[in-house]
């Protein structure tokens, strides 16, 4: 079928170019459809999807990252790949500016202004780009060279640590419930003890799959202040209760104490998750030639272990897409965000930001900031501007108790419309990096 289609002439894009761009997404769409059907007819229950997400988080994804990043990593490549994490920061900053524009134009409810900016700024830099890269490289055409998969996964993995640090520091505090809209429910101690087990059980049963797709067992990560506007209250008390001493220099220690409390409430320890640990280990192993030769290569003493990791890594992409299908099978939640704002975020994230990304990457290439002649390098950079909002944001929303149903609904619609936008931009990206 594919051979027949590639022999058909077409105006503008040749059929072979069109099919090379569209085929990877069609494969991912088929896998997602399988998950959608299995979830819709309830052949596979939600608990099974959650178990599969845990396997991805602690096993499949770390194995994929370690085997590919470890092979590609060396001191020279670190100096060549510096623009990859910088590009994540640039895409986040530009997305944040678009989020501010969406707030001005679409006027979301006041309590969701920060949420609108966050969901526009932070894209999926992990599972979805890895799935796209792995599917693009699963071809006999070798459009990106013989080391397509190894280099592509290495580039995506090398950018993940920046996004993870931003999510568990900046986003965590930005997703704090707004103080002026925070509702406090006073419950008697006896009623609280009686209701708590039942509430927890109902919460776990009704929690959307999307909330745990990239952070399993998130309910175990809650702290005393995770669902309260703790930081806002603290700084409000600082403003409302100025120091009695008239000398301004004595106010500095109070500010330092407040900042120390903020640092203590930042869940930095969550950064060291299995995928991040796999990235760090791969970088360390890759930078030490003796250790790298001991683990990677045909004659390496530990090649049996790394080959086993590669086999496990092969289950990552189909598992991720099956979970995405199961997530879509649940349908969107009710949302108070408003249709204009949801449309604004989706258009800004999936249509406008990729156009700006093309300009930024093209400019960087003209300034000789990119690896010369490496098409996969440019493809991954462009892909960072094209993905829907990070699914991990849904987990943070659930952890903070802020805009939970809104994030679930928005992520549902974004991933649904991403099938169209990614199709369009993959065709454009293939044209840009391969045929110009």
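Numbering (my numbering), first residue to last: 3 to 438.
Every residue gets a Cβ at the ideal spot worked out from N, C-alpha and C, and that includes glycine.
This structure is a prediction, so every number in the text was calculated from the model and none was measured.
Scanning its chain for C-beta atoms nearer than 7 Å, with the 5 sequence neighbours on each side dropped, one finds around residue 407 the residues 335, 336 and 337, in chain order. Under the 8 Å Cβ criterion, the region 21 to 38 counts as touching the region 312 to 330, having at least three qualifying pairs. Around the C-beta of residue 83, 16 or more other C-beta atoms lie within 10 Å, and the residue is accordingly described as buried.
Apart from sequence neighbours up to five positions away, the residues of its chain that approach residue 169 with a beta-carbon distance below 6 Å are 394, ordered along the chain.
Residue 128 carries a coil assignment under DSSP once its states are collapsed to helix, strand and coil. The Cβ atoms of residue 75 and residue 288 lie closer than 7 Å to each other. Contact between residue 274 and residue 418 is absent: CB atoms are separated by about 33 Å, not below the 8 Å threshold.
Contact annotation: the region 116 to 128 touches the region 382 to 400, with at least three C-beta pairs closer than 8 Å.
Buried is the label assigned to residue 162, since at least 16 other Cβ atoms lie within 10 Å of its Cβ. Beta-bridge partners assigned by DSSP to residue 281: none are found. For residue 86, the closest alpha carbon among the candidates 412, 339, 400 and 367 is that of 367. Out of 59, 62 and 92, the CA that lies nearest to the CA of residue 358 is found in 92.
Along the region 57 to 88, the alpha helix (DSSP H) occurs as fully enclosed runs of 4 or more residues at 63 to 74 and 77 to 82, listed in sequence order.
Here residue 280 really is in contact with residue 67; their C-beta atoms are around 4 Å apart, less than 8 Å. By the criterion of at least three beta-carbon pairs nearer than 8 Å, the region 102 to 111 is in contact with the region 344 to 359.
Beta-carbon to beta-carbon, residue 355 and residue 97 are separated by about 6 Å, close enough to satisfy the 8 Å threshold.
Here residue 117 is not near residue 411, since their CB atoms are 7 Å or more apart.
For residue 117, the enclosing alpha helix (DSSP H) starts and ends at 115 to 123.
For the pair residue 26 and residue 138, the CB atoms are nearer than the 7 Å cut-off. With fewer than 16 other Cβ atoms from the protein chains shown falling within 10 Å of its own Cβ, residue 56 counts as exposed.
By the neighbour-count definition (other C-beta atoms within 10 Å, threshold 16), residue 178 is a buried residue. Annotation: residue 147 is outside any alpha helix (DSSP H) and is labelled neither H nor E by DSSP. Here DSSP, grouped into helix, strand and coil, assigns residue 407 to helix. In this structure, the CA atom of residue 44 is about 14 Å from the CA atom of residue 52. Note: residue 391 is bridge-paired with 125 in the DSSP secondary-structure output. The beta carbon of residue 315 lies closer than 7 Å to those of 62, 65, 66 and 69 in the same chain, with the five residues before and after it left out. For residue 330, the enclosing alpha helix (DSSP H) stretches over residues 318 to 331. For residue 367, the enclosing alpha helix (DSSP H) begins and ends at 355 to 368. Distances from the alpha-carbon of residue 78 to those of 307, 373 and 430 put 373 closest. Residue state for residue 139 is assigned as coil, using DSSP reduced to three classes. Bounds of the alpha helix (DSSP H) holding residue 315 are 305 to 315.
Under the three-state reduction of DSSP output, residue 349 falls in the helix class.
When the five nearest sequence neighbours on each side are left out, the beta carbons in the same chain lying within less than 7 Å of the beta carbon of residue 363 are those of 380, 383 and 384, in order along the chain. Taking every protein chain shown into account, the CB of residue 341 has fewer than 16 other CB atoms within 10 angstroms, so this residue is exposed. When the Cα atoms are used, residue 165 and residue 312 turn out to be separated by approximately 25 Å. Under the three-state reduction of DSSP output, residue 178 falls in the coil class, being neither helix nor strand.
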